[in-house]
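>
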Amino acid sequence: MVEGLDLLETILGKELFSKEVEVLKTDRGSEFIDADRFEMHYVTTNREI
Numbered sequence: 009m010v011e012g013l014d015l016l017e018t019i020l021g022k023e024l025f026s027k028e029v030e031v032l033k034t035d036r037g038s039e040f041i042d043a044d045r046f047e048m049h050y051v052t053t054n055r056e057i
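The opening position of the sequence shown corresponds to residue 9 in the working numbering, with each subsequent residue numbered one higher.
See below:
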């Protein structure tokens, strides 16, 4: 899931990604256990969601 967000951000660019993905709703699935990874961009800068 994190890799998918990284890819989407790469395709859209940081500005458009931040505009279009303001809120990310998740369930309690195991893929969301490490929530900190979702807040980090793949080049280790904070992702503003």
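For each residue, glycine too, the CB sits at the ideal point set by N, CA and C. Keep in mind it's a predicted model, so treat the numbers as computed, not measured.
So, for L15: in the same chain, excluding its five sequence neighbours on each side, which residues have a beta-carbon less than 7 Å away from its beta-carbon?
Indexing the sequence shown from 1 puts residue 15 at position 7. Within the same chain, L15 has no close Cβ partners at all.
> F25 to E17, Cα distance in whole Å?
Here the question's residue 25 lines up with position 17 in the sequence shown. Here the question's residue 17 lines up with position 9 in the sequence shown. Taking the straight line joining both Cα atoms gives about 5 Å.
> Relative to the C-alpha of E47, which residue among V29, S38, G37 is closest?
The sequence position of residue 47 within the sequence shown is 39, counting from 1. Nearest option by C-alpha distance: V29.
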